[in-house]
Amino acid sequence: MEKILTKKSFPAWVKKLQSYTVYSPEKQENLWSYEVIQNPDKLNLEHLNTVLAPKKITYPQREIFLQFNTSKEGKPQIKEVLPEEHPAVIFGVRPCDAKAITLTDKVFGEEPKDPYYWSRRNQTILVGLTCNPPPSPNCFCLSVGGSPHSKEGLDILMTDMGDKYHIDSLTKKGEKLIKAAENLFKPASSKDKKELEKIQRESEKKIKREVKDIKNIPDKLKDMFESPFWDEEAMSCIRCGICTYLCPTCFCFDITDELTSTLPLKGKRVRTWDTCQFPDFTMHSSGHNPRPDKASRLRQRMLHKFQYHVENYQDYLCTGCGRCISLCPMGIDIIEILNKVREHE
Amino acid sequence: MKKRTGVFVCHCGINIAGTVDVKNVAEELMKHSDVAHSEDYVYMCSDPGQKLIENSIKEHNLDSVVVSCCSPNLHETTFRNCAKAAGINEFQCEIANIREQCSWVHKDKLKATEKAKKITRSTVERVVKNKSLEPISIPVTRRGLVIGGGIAGIQAALDMANSGYEVVLVEKSPSIGGHMIQLSETFPTLDCSQCILTPKMVEVSKHPKIKLLTYSEVQEITGYVGNFKAKILKKPTYVDPDKCTLCDECIDVCPIVVPNEFDLGLTGRKAIYIPFPQAIPATFTLDIANCPGLLPIACGKCIDVCEPGAIDYDMKPEIIEEEIGSIVLATGYDLYDKENMKEYGYGKYADVLDGLQFERLLSASGPTMGEVLRPSDHKVPKEVVFIQCVGSRDPELHCAYCSKICCMYTAKHAMLYKHHVPDGQAYVFYIDIRSGGKDYEEFVQRAKEEDGVVYLRGKVSKIFEENGKITVWGVDTLAGKDIEINADMVVLATAMRPAKGAEEFAKKLKVSLDKDGFLSEAHPKLRPVESVTSGLFFAGAAQAPKDIPEAVAQASGAASKAIIILSQDHLFHSPMVAKVSLNLCTGCGMCVDVCPYDALSLKDNKAEVNEVLCEGCGTCSATCLRAAIEVKNITPVQIYEMIDASVGG
Amino acid sequence: MAEEFEPKIIAFLCKWCSSAGSDLAGVSRMKYPPNVVPITVMCSGSVSPLYIFNAFQKGADGVLVSGCHPGDCHYIQGNFYARRRIALVKELIEYIGLEPQRFKMSWVSAAEGKKYTQIIQDFVQELKPLGPQKKLRREK
Amino acid sequence: MVNLEEIKKEAKKILEEGKVKYIIGYAKSSKALMAAPAFVKKPEDIDKLIWDPTCFQNLVKFLLDEKRKKAREKEPDTRPVGIFVKGCDSRAINVLLQEKFITREDVYIMGLSCEDLGVLDEKKIFKKLKGEKPEKIEFDQRKNIVISTKEKTIKIPLKEILAERCLECTSSFPVISDVFWGDRNNRSPKEPFKSLEQIESLSQEEKWDFWQQQLSKCIRCYACRSVCPMCYCDECVVDSINLAITADTTAEEKAQKIKWIEKSPESSENFGYHLVRAMHLAGRCIDCSECERVCPVDIPIRFLNKKLEKVAKELFDYKAGLDPEQPSLVSSFKDEDPEDFIR
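Chains as they are written, first to last, in the working numbering: chain A, 1 to 345; chain B, 1 to 649; chain C, 1 to 140; chain D, 1 to 343.
Structure below.
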């Protein structure tokens with residue numbers, strides 16, 4: 001169901017959503033970041049790529065699993081901690097980031113479903129925004145099966161049409177949001193729809209970067225496991241966590257116990273993000289590390305995204321947001337690597 | 001893996017129990033997963049108390065113990081022995097100080113109890129991670145080395161030898177005796193210096209346990225306490241002491257005359273010479289620096305006349321290596337350099353002498369056979385001016401410190417001068433008189449009253465020669481008037497300095513020096529004869545200006561310290577020393593920089609600990625950026641747990 | 001009425017001077033508030049900045065490092081290194097906005113029981129108005 | 001003036017002579033505003049080498065990889081590695097020499113003077129570009145940078161967009177090198193620590209609010225640590241990045257491993273990390289401020305290191321990286337070190 005909402009009345013709509021925690025991109029100094037919106041009048045959807053994808057809301061960097069409390073005699077008491085239920089709306093979600101959430105949905109949706117992830121996810125409504133212009137010079141969503149106006153994973157897709165937004169409600173959740181302030185919306189005219197198509201066509205043209213015939217990449221990679229190629233490509237890697245922590249699709253984690261008291265022994269078990277780029281990610285307690293060097297770690301990142309995940313989920317573990325390219329301190333460029341893979345003999 | 005720790009809380013009568021609920025402390029600690037047993041008792045240090053600990057160690061088969069009681073300084077040893085007696089390693093026993101640091105300083109019983117719990121638990125956390133350690137045992141080479149053959153060195157050597165230990169005594173000049181042998185009489189008793197010293201010198205030369213190396217210098221000391229190695233250079237004397245009959249023939253024929261060090265240049269000596277008649281060893285030395293040459297063609301007169309053929313031009317320097325267990329440094333002093341004392345015309349006017357030169361003039365065996373005569377014209381000086389604090393107590397220009405002995409020997413000089421020249425007049429310029437010491441003050445008074453020495457409180461402004469006299473301008477601050485004395489002779493009480501070359505030597509031995517270049521002791525009050533390097537001790541003026549009795553006393557002190565080491569065949573060293581985790585160490589060497597004991601070194605780019613030298617201060621561990629080095633049984637992880645316990649977390 | 005705030009102080013005392021000094025305070029039956037828990041280390045030079053930060057993270061309201069007077073260090077120089085290291089920590093802590101009053105260093109000799117007593121008394125008085133140290137403390 | 005052609009000539013020469021194993025230099029990256037490290041092994045590849053104000057990276061970091069690699073090899077090639085260093089980078093080499101992490105023989109230092117310039121600050125430029133993508137950039141006589149985006153071409157005076165550290169740099173030329181290009185004019189900024197004032201002038205609480213706000217952004221990607229040439233430990237004290245365990249590490253040793261900070265990016269843990277990091281860089285940080293450049297969430301990390309650099313200078317008259325022979329800041333002392341803060 002397509003509707004039109006004037007930019008003027010956009011805040012009014014958001015104000016109607018008190019029952020939700022509302023997130024939206026917010027500019028802090030030079031950076032864009034998804035934050036809880038206190039004042040809807042300040043909403044600004046002209047954002048470039050946020051440093052962290054909305055993943056930070058649906059899959060926070062730190063999740064408490066349980067609390068434990070031991071005593072010398074008797075067995076320890078354990079209390080599971082689930083994120084408290086609070087419905088949330090995220091505005092300004094870029095189609096690539098929404099697509100990314102559908103990917104993590106699949107992973108955490110495997111049986112047994114991850115209760116922590118889903119208790120958040122089920123509560124979250126994603127309101128997307130068509131990318132026009134692209135939010136990053138390194139966008140390449142088209143190459144990985146996405147588009148600047150892809151609806152995948154979104155409950156609503158908004159498109160900026162100058163003084164108004166085209167609102168495309170895609171799910172029941174989305175309907176519910178619009179219902180909250182129905183009178184603010186008017187149906188989209190056929191003229192609007194025409195204009196929308198134009199905008200969407202143009203937005204695609206604006207995506208400049210591309211991975212050439214990506215379809216062959218997975219097979220290509222299969223034969224490159226032992227290739228010295230990775231040593232070359234990884235030379236300038238400094239084994240930091242930027243590419244993976246900022247990636248909207250990376251979902252690897254670590255589980256540790258954090259003590260709050262040592263006598264008696266009390267604490268929490270928490271899940272935190274982890275990354276295959278840290279050397280200790282695969283370190284065995286024996287001291288053996290199956291991925292001893294930067295090359296094997298870069299290879300892992302590439303193969304996971306463009307071979308293993310494709311094998312397991314028939315989809316790339318990459319949505320072309322370009323964050324890893326824009327923020328790699330050493331200029332490692334996933335597109336260039338893939339294009340080199342393509343030419344690799 | 002869990003430990004079985006026992007916690008024993010002492011009431012110390014009411015000293016602890018009065019302010020701390022000891023039962024409650026014991027109960028609280030029982031909650032700790034590593035605590036297998038805890039109890040309280042009225043006096044843990046009493047025999048029944050110790051028995052109680054021993055028994056419960058056995059009964060509950062504990063592997064570690066915390067005793068909550070008084071300061072570890074008091075009963076740590078007691079309880080560690082007690083733990084040992086019960087069959088567990090002594091280093092598995094730690095003391096929680098809940099008396100000095102808790103019950104005695106607080107009033108509020110509740111809060112004091114809470115604190116006592118924290119302190120005790122903190123100690124439990126430590127003990128839980130304690131390792132069983134064995135003291136490091138170091139075999140001892142039971143020989144001593146004394147460096148310097150002055151009175152201090154002689155005394156130290158004799159004391160050590162007489163207590164049955166072999167001693168190597170090294171003296172750089174041809175004879176032992178040092179400065180004392182140059183003195184005429186000694187204050188305050190005026191007994192003849194040589195008469196009291198020569199017997200000791202002879203004793204040294206005859207002592208079966210003393211190996212005397214004169215005309216020798218220690219070049220290098222390596223190793224550590226109990227196991228030093230000394231490299232000693234024995235310079236050739238070109239005379240075989242066993243053959244030499246002291247016939248003096250060689251002296252008569254030797255064409256070379258140089259100033260005689262022993263008489264401080266007041267007389268001359270030949271290139272082949274004996275320093276002084278009573279020299280030990282009693283033999284001649286050929287001073288190669290001044291000899292025309294060791295080739296018969298160059299001169300060779302002495303070798304021709306030497307009946308017994310004692311002279312051997314082919315004698316070579318030899319390096320002697322000695323293994324020793326402990327070392328006494330007695331490198332002595334020299335007088336403040338002439339060069340610095342130009343304002344007093346010293347070195348410029350023949351009749352301006354320093355204290356030691358005057359001693360020679362007074363000495364019966366001296367250049368004038370004990371008559372006081374002016375070096376310039378051999379006339380008897382009728383007016384003699386003695387100036388004190390020449391170079392001493394003068395922070396701006398010279399030495400800030402007081403040379404200590406000058407007040408006394410100046411009084412002695414003035415007095416002896418009067419004994420030699422009853423109709424002469426002696427003046428003494430002084431800043432103030434420091435005569436602390438047995439019979440010292442009386443001695444000074446005697447000089448003033450009986451011998452009529454005129455003491456003028458003030459400084460000398462100028463000294464210059466004027467028609468055969470030495471005019472001294474000074475001021476008498478008491479009378480408040482300027483003084484001019486036309487003296488026949490001026491004697492300067494020049495400052496005492498560390499012996500020349502002592503500095504380089506100290507560097508070789510890695511002993512630290514104070515700002516004035518004297519050896520600095522481990523602790524100014526409590527360890528006055530020890531250096532910070534264990535096994536190395538100080539005696540005599542090398543450490544600070546001293547008079548003879550003090551030097552002798554310190555020498556005996558140093559000797560007994562040295563003997564303490566030699567008296568055991570093994571030394572035991574605390575095993576709480578640094579330990580390196582090689583897989584973490586990057587070999588940056590910061591720990592090596594900070595170690596005050598040179599216990600750390602780099603080997604194949606990794607830090608290496610010499611456990612014998614390490615004192616376990618842990619400065620290395622705080623300096624290391626990668627926590628690659630820690631001190632056993634007080635490791636970062638232990639502190640980490642102790643912090644938890646101490647904040648009550 | 002609410003109970004008065006009692007600051008928690010961790011005192012790293014060197015074994016030879018400061019710990020002995022606090023022993024002397026005890027022997028002389030001087031009195032100071034029980035807010036301080038001493039941790040005796042071998043030398044002030046062995047106190048790593050990690051210990052200090054960690055104490056604050058674990059909820060200490062104040063931290064004291066105390067060693068021998070310069071020149072009296074049992075280990076000759078340890079306290080000189082400590083002096084430098086602690087100066088850096090102090091500057092840093094102040095710079096990031098933790099109240100400087102919360103971190104102190106002192107020289108307390110084995111003879112200065114009185115001084116130790118005074119230091120603790122003053123420290124507690126200074127800390128009380130500041131309230132609990134929450135800035136670096138871990139959430140419980 | 002540094003002449004790129006001369007540099008290439010030298011690079012070619014030493015590669016042909018086999019004097020060096022390879023050369024670590026700079027080449028263009030897919031981002032117009034930032035060069036990328038280049039590892040040149042063959043003489044024919046020297047043409048990709050570049051030298052201009054986009055050469056941000058402190059390449060000294062890569063000597064660590066080289067050392068690790070050597071350690072793994074049975075018969076390592078012991079020839080030196082050729083490396084481009086700027087003034088600040090060269091000080092990093094001095095610190096590594098001082099800490100015996102490398103030896104002088106390990107490196108063939110190709111010194112490049114920044115002369116009156118330095119490197120760009122991407123963030124400053126992005127501000128000016130307001131989000132437009134720079135297509136290509138040019139420098140006209142080291143005065144201006146000309147940036148062309150699809151929409152327009154703008155000319156910005158370089159001084160306006162140089163990195164803060166370059167504006168406060170006191171020696172813009174390498175202090176140690178085997179070959180050298182450019183001039184050695186020391187520049188002496190009036191106030192080398194000016195940028196700190198904005199924080200120092202704050203009240204205690206304002207300071208706290210500032211750092212609290214900044215450090216709570218930290219996501220612990222450890223880029224600051226990863227890019228820092230001084231952070232060469234296999235295992236970081238505060239948080240294991242590469243547990244330095246070997247086959248013979250005992251279970252107990254593993255158990256004794258202290259967790260000084262937790263993995264959670266909570267305020268206290270973030271402070272724990274950044275405070276310890278600052279302490280560990282005291283007297284070692286040579287102010288290449290790579291840590292700050294790479295931080296994805298824009299934490300002004302340099303202000304922490306710079307502060308201690310200032311303290312070291314003012315209290316102990318110590319400057320890092322000038323002399324490989326001098327003892328480290330914290331492994332040395334002077335009798336007259338200040339102690340007015342001690343009671």
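For every residue, glycine included, the Cβ atom is placed at its ideal position computed from N, Cα and C.
Taking C-alpha positions only, B:Glu134 is separated from B:Glu94 by approximately 15 Å. Not a single CB atom of chain B sits nearer than 8 Å to the CB of A:Ser285. Under the DSSP assignment, B:Asn486 falls in the beta strand (DSSP E) whose first and last residues are Lys481 to Ala487. Restricting attention to B:Ser103, B:Thr123 and B:Ala85, the CA atom closest to the CA of B:Ile639 is found in B:Thr123. About 4 Å separates the CB atoms of A:Arg269 and A:Phe65; that is less than 8 Å, so the two are in contact. B:Pro528 and C:Ser48 have their C-alpha atoms spaced approximately 32 Å apart. Only residues of its own chain outside the window of five on either side were considered, and among them Lys606 have a CB closer than 7 Å to the CB of B:Leu582, listed in chain order. In the DSSP assignment, B:Cys93 falls within the beta strand (DSSP E) that extends over Cys93 to Asn97. Distance from the CA atom of D:Ser172 to the CA atom of D:Cys166, rounded to whole angstroms, is 8 Å. Counting along the chain, the unbroken alpha helix (DSSP H) around B:Val444 starts and ends at Tyr440 to Glu449. For D:Glu339, the chain C residues whose C-beta falls within less than 9 Å of its own C-beta are Pro70, Arg83, Ala87, Met105 and Trp107, listed in chain order. Chain order gives no chain B residues near D:Pro76, where near means a beta carbon separation below 8 Å; the closest approach is about 15 Å. The beta carbon of B:Lys118 falls within 8 Å of a beta carbon belonging to chain C, placing the residue at that interface. Non-local C-beta neighbours of B:Leu416 in its own chain, meaning closer than 6 Å and more than five positions away in sequence, comprise Leu362, ordered along the chain. Excluding sequence positions up to five before and after B:Glu530, its CB lies within less than 7 Å of the CB of Glu521, Ala522, Phe537 and Lys561, all in the same chain and listed in chain order. Cβ proximity to chain C below 9 Å picks out Ile258, Trp260, Ile261, Glu262, Glu266, Ser267, Ser268, Glu269, Phe271, Gly272, His274, Leu275, Val276, Ala278, Met279, His280, Ala282 and Gly283 from the stretch 250 to 284 of chain D. One thing to note: B:Ile274 has its Cβ no nearer than 8 Å to the Cβ of B:Thr267. Residue pairing from DSSP places A:Lys268 in a beta bridge opposite A:Gln67 and A:Glu258. With a threshold of 8 Å between beta carbons, B:Leu625 makes contact with chain D. Short of 6 Å from the beta carbon of C:Gly59, and not among the five residues preceding or following it, lie these beta carbons of its own chain, in chain order: Arg137.
With contacts defined by Cβ atoms closer than 8 Å, B:Ile272 and B:Asp351 do not form a contacting pair. At a C-beta separation below 7 Å, B:Lys115 has these neighbours in chain C: Pro34 and Val37. Taking C-beta atoms under 8 Å as the contact rule, C:Arg84 and D:Phe333 qualify, at a distance of about 5 Å. By the rule that beta-carbons nearer than 8 Å mark a contact, A:Pro279 does not touch chain B.
Looking at the backbone, the Cα of C:Tyr116 and that of B:Ser103 are separated by about 16 Å.
Against chain C, the beta carbon of B:Gln219 has no neighbour under 8 Å; the closest one sits roughly 26 Å away.
For A:His166, the enclosing beta strand (DSSP E) starts and ends at Lys164 to Ser169. The DSSP assignment places complete beta strand (DSSP E) segments of no fewer than 3 residues inside the stretch 20 to 69 of chain B at 35 to 41 and 64 to 69, in order along the chain. No Cβ of chain D is located within less than 8 Å of the beta carbon of C:Glu112.
The DSSP-derived three-state label of C:Lys104 is strand.
Here B:Phe464 is exposed, its C-beta having fewer than 16 other C-beta atoms within 10 Å. Separation of the CB atoms of C:Leu92 and D:Leu275 is rounded to 6 Å, and the pair is thereby assigned contact status at 8 Å.
Annotation: the continuous beta strand (DSSP E) that includes B:Ser216 extends over Ser216 to Tyr224. For a cut-off of 8 Å, the C-beta gap from A:Ile167 to A:Leu5 is around 5 Å, short enough to register as a contact. Looking at the DSSP output, D:Ala36 shares a beta bridge with D:Ala27. One alpha carbon belongs to B:Tyr41, the other to C:Asn35, and they sit about 26 Å apart.
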